[in-house]
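2 protein chains.
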Amino acid sequence: MLPFRILIIGCCSAKPTLRHNPSAQVVNVHDRLFLVDCGEGTQRELIRRGVPMGRIKRIFISHLHGDHFYGLPGLLNTLALSDIQGEVHIHAFPELQDMLTPMLGYHKRSDGLNIVFHPHSAAGYETVFEDNAVSVTTLPLLHGVPCVGYVFHEKRSLPHIRPDVAARIGLPTSAMRAVKEGRGWTSPDGTQYPHEMLVTPSHEPRTYAYITDTRPLPELAAHIRGAGLLYHEATYASDCIEKALKYCHSTAAEAAEFAREAQVGKLLIGHYSDRYADETPLLQEARTIFPHTDAAQEGMVVEVP
Amino acid sequence: MLPFRILIIGCCSAKPTLRHNPSAQVVNVHDRLFLVDCGEGTQRELIRRGVPMGRIKRIFISHLHGDHFYGLPGLLNTLALSDIQGEVHIHAFPELQDMLTPMLGYHKRSDGLNIVFHPHSAAGYETVFEDNAVSVTTLPLLHGVPCVGYVFHEKRSLPHIRPDVAARIGLPTSAMRAVKEGRGWTSPDGTQYPHEMLVTPSHEPRTYAYITDTRPLPELAAHIRGAGLLYHEATYASDCIEKALKYCHSTAAEAAEFAREAQVGKLLIGHYSDRYADETPLLQEARTIFPHTDAAQEGMVVEVP
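So the sequence lines, in the order shown, correspond to chains A and B.
Heads up: the first sequence is residues 11 to 315, going by the working numbering.
Heads up: the second sequence is residues 11 to 315, going by the working numbering.
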């Protein structure tokens, strides 16, 4: 099966700590690398995790709090200094372009790097990117500033040719593409083989949802129902519900209740407040409600089930 | 003697590596903490080195290449989020304010933090800050963009009261301030004690010069002659002189020749290109010319002699 997995680059909240980096993730869909959020220091963590920076061609920024995008100028500068060619696409609120533009272009060595901004709205439910492998759709979140989540929907792959059948009937390689796309095949002696006999269906498409920073929003559950993997912020434990309400964040229990409501395969909590020297209490709180929960840590690779 | 020392936060050049952070230093003059340059990730390294961020009230930015200031938005945001009160002063080229302003204020929790910009020119030889302990003067450098160095001149302290003499003649505490400031003292029985008899002179004022990024500029030597400590960039070894010329940097040999010309007490080289997995060749090259050389490393504390 083609890869669909995420790599945690950073999972702390506004104030960085020595244990955690600010928000950033690499989402690998069929070996296309997407960066979701880009807190300060992301470029260096990409080096540490062995991610080839030049292969990141598309970046999504959930909102314009510094811990989600202050690493972007440095990353883009390093790409330019490294003579990376082609386009890097940035999906974000339109204000990001106004913020970044004055900071860029001042250090550029490469004329071959073209940064393309794709502004999106805070209304959500907008498919902001789509290719033959994946679509990326925004979700409207509830935070102190405009903020969106992202849902990565894998597209259904073409079915697989059955190698046993192909060998037995002598299906030529040249005919395989048409068969995968839905046709049957007629052999030189006139025997007709229907499409269904020649293929096995591809796997069910997988879904990954990235939801941070926000108060829990039960109405979103229907939009990601059955997602294999959900990353949901859990900035606080329940004893800090007042802070969660004040700063528009979620508790671990609220993240878990949302995961249960959305019937996801697995919950990954993150965006930890710097008050926690150890996230075990957050993880325990969430698992009580939704057992299939893990706590994000830098360097963790999670397959989308 | 009151402290005058620097702490290396970062000493790599444009592209960060896993071994080095981009440029930043904390200069401690009599327990006032100044930050000189602020590359990406500086705030986290300050935490790592135990520097209380809230005590940094004045920041100097040599030039507007990203590796010298991309850590500033994050640092300022964290100060605001930490409810640090009062003023933080930033000395830099005027364009910095235009770059930073759109990125700030969006995440502020504290209304008590006031960021004050002090634009300086690229012409150099401008005393951009002065208090009763230190003055900071710019030096014009030669780089691809406008760039200045900084010279920290400690001011001469008041002389010290001689405790043996004070005890013998019964000099009251209430008279000591005037004596330190230059007066003599007349005892109740009419005996006159001249100033010179009552004090020992304070130590010679110390000087620290910070020079990066630049081609070597021998004409600056006269302006920092006899400085106790010089930090001078040494991006390359001499075999990369073509790159040094092309990108307006210095080689280790050139830094050492400059240090010799300026008759400084000690040279600290830094701003290493990412091509060096080990700076020993740079250090050896410099020491051949100027033996009192050390190679900057993150976390290193260097006293200004």
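Virtual Cβ for every residue (Gly too), placed ideally from N, Cα, C.
Quantities reported herein were computed from a predicted structural model and do not represent experimental measurements.
Original post:
Is residue 259 of chain A helix, strand or coil when you go by DSSP?
Top reply: coil
**OP:** Please name the residue, chosen from B/238, B/236, B/224 and B/240, that lies closest to residue 261 of chain B on a Cα-to-Cα basis.
**Re:** B/224
**OP:** Could you confirm whether any beta carbon from chain A is found closer than 8 Å to the beta carbon of residue 65 of chain B?
**Re:** no
Original post:
Since residue 99 of chain A sits in a beta bridge, which residues does DSSP pair it with?
Top reply: A/68 and A/126
**OP:** Report the residues of the stretch 51 to 77 of chain B with a CB closer than 7 Å to any CB of chain A, ordered along the chain.
**Re:** 51, 53, 54, 57, 58, 74, 75 and 76
Subject >> the stretch 251 to 259 of chain A contacting the stretch 227 to 239 of chain A, beta-carbon criterion three pairs below 8 Å >> reply: no
Original post:
To which residues does DSSP link residue 276 of chain B through a beta bridge?
Top reply: B/239
Original post:
In or out: residue 216 of chain B buried (at least 16 other Cβ within 10 Å) or exposed?
Top reply: The residue is buried, with at least 16 neighbouring Cβ atoms inside 10 Å.
Subject >> Closest by C-alpha distance to residue 20 of chain B, when choosing among B/303, B/294 and B/278 >> reply: B/278
Original post:
Relative to the C-alpha of residue 210 of chain B, which residue among B/152, B/176 and B/202 is closest?
Top reply: B/176
**OP:** Kindly indicate which three-state DSSP category residue 140 of chain B falls into: helix, strand or coil?
**Re:** Looking at residue 140 of chain B - three-state DSSP - the assignment turns out to be strand.
Original post:
Do residue 99 of chain B and residue 65 of chain B come within 8 Å of each other at the CB atom, strictly closer than that value?
Top reply: No; because the gap between Cβ atoms is not below 8 Å, this pair is not in contact.
Subject >> Bridge-paired residues (DSSP) for residue 17 of chain B >> reply: For residue 17 of chain B, the beta-bridge partners assigned by DSSP are B/36 and B/311.
Subject >> Cβ neighbours of residue 305 of chain B in the same chain (closer than 7 Å, five flanking residues each side left out) >> reply: 279, 289, 292 and 293
**OP:** State the CB to CB distance for the pair residue 146 of chain A and residue 160 of chain A, rounded to an integer number of angstroms; the pair is presumed to be in contact (CB under 8 Å).
**Re:** 6 Å
Original post:
Can at least three beta-carbon pairs, one atom from the stretch 295 to 303 of chain A and one from the stretch 26 to 34 of chain B, be found at a separation below 8 Å?
Top reply: Because the criterion of three Cβ pairs below 8 Å is not met, the stretch 295 to 303 of chain A and the stretch 26 to 34 of chain B do not touch.
**OP:** Spell out the partners DSSP gives residue 304 of chain A in its beta bridges.
**Re:** A/278
**OP:** For residue 221 of chain B, name the three-state secondary structure that DSSP assigns.
**Re:** strand
Original post:
Would residue 128 of chain A pass as a contact of residue 136 of chain A if the rule is Cβ separation under 8 Å?
Top reply: Taking 8 Å as the Cβ cut-off, residue 128 of chain A and residue 136 of chain A do not qualify as a contacting pair.
Subject >> Residue from A/113, A/170, A/193 and A/243 whose Cα sits closest to the Cα of residue 152 of chain A >> reply: A/243
Original post:
So, helix, strand or coil for residue 197 of chain B, using DSSP?
Top reply: Note: residue 197 of chain B maps to coil in three-state DSSP.
Original post:
If you pair each beta-carbon of the stretch 46 to 61 of chain A with each one of the stretch 83 to 90 of chain A, do three or more pairs fall below 8 Å?
Top reply: yes
Original post:
Would a C-beta distance cut-off of 8 Å place residue 105 of chain B and residue 149 of chain B closer than the cut-off?
Top reply: In this structure, residue 149 of chain B does not lie closer than 8 Å to residue 105 of chain B by Cβ.
**OP:** Could you confirm whether any beta carbon from chain A is found closer than 8 Å to the beta carbon of residue 93 of chain B?
**Re:** no
Original post:
Can you tell me where the alpha helix (DSSP H) with residue 189 of chain A in it begins and where it stops?
Top reply: 183 to 190
Subject >> Per DSSP, cross-strand counterpart(s) of residue 162 of chain B >> reply: Bridge partners of residue 162 of chain B according to DSSP: B/146 and B/218.
Original post:
Which residue from A/205, A/114, A/231 and A/63 puts its Cα closest to that of residue 36 of chain A?
Top reply: A/63
Original post:
For a contact meaning CB atoms closer than 8 Å, what does residue 81 of chain B contact in chain A?
Top reply: 50
Original post:
Helix or strand or just coil, what does DSSP make of residue 45 of chain A?
Top reply: strand
**OP:** Between the Cα of residue 229 of chain A and those of A/248, A/267, A/46 and A/80, spot the shortest distance and give me the residue it belongs to.
**Re:** A/267
Original post:
Got a sec, what are the start and stop residues for the alpha helix (DSSP H) residue 291 of chain B sits in?
Top reply: Looking at the DSSP string, the run of the alpha helix (DSSP H) that includes residue 291 of chain B is 290 to 299.
Subject >> Contact residues within the stretch 279 to 311 of chain A, judged by C-beta distance below 8 Å to chain B >> reply: none
**OP:** List the residues that DSSP assigns as beta-bridge partners of residue 203 of chain B.
**Re:** B/195
Original post:
So, residue 274 of chain A versus residue 17 of chain A, is the Cβ gap smaller than 8 Å?
Top reply: By the CB criterion at 8 Å, residue 274 of chain A and residue 17 of chain A fall outside the cutoff.
Original post:
Would you say residue 235 of chain A touches the ligand FAD, meaning its beta carbon is less than 7 Å from a heavy atom?
Top reply: Among the components modelled here there is no ligand, and therefore nothing to report on the ligand FAD.
**OP:** Sort A/249, A/272 and A/303 by Cα distance to residue 286 of chain A and report the nearest one.
**Re:** Between residue 286 of chain A and the set A/249, A/272 and A/303, the nearest pair of CA atoms involves A/249.
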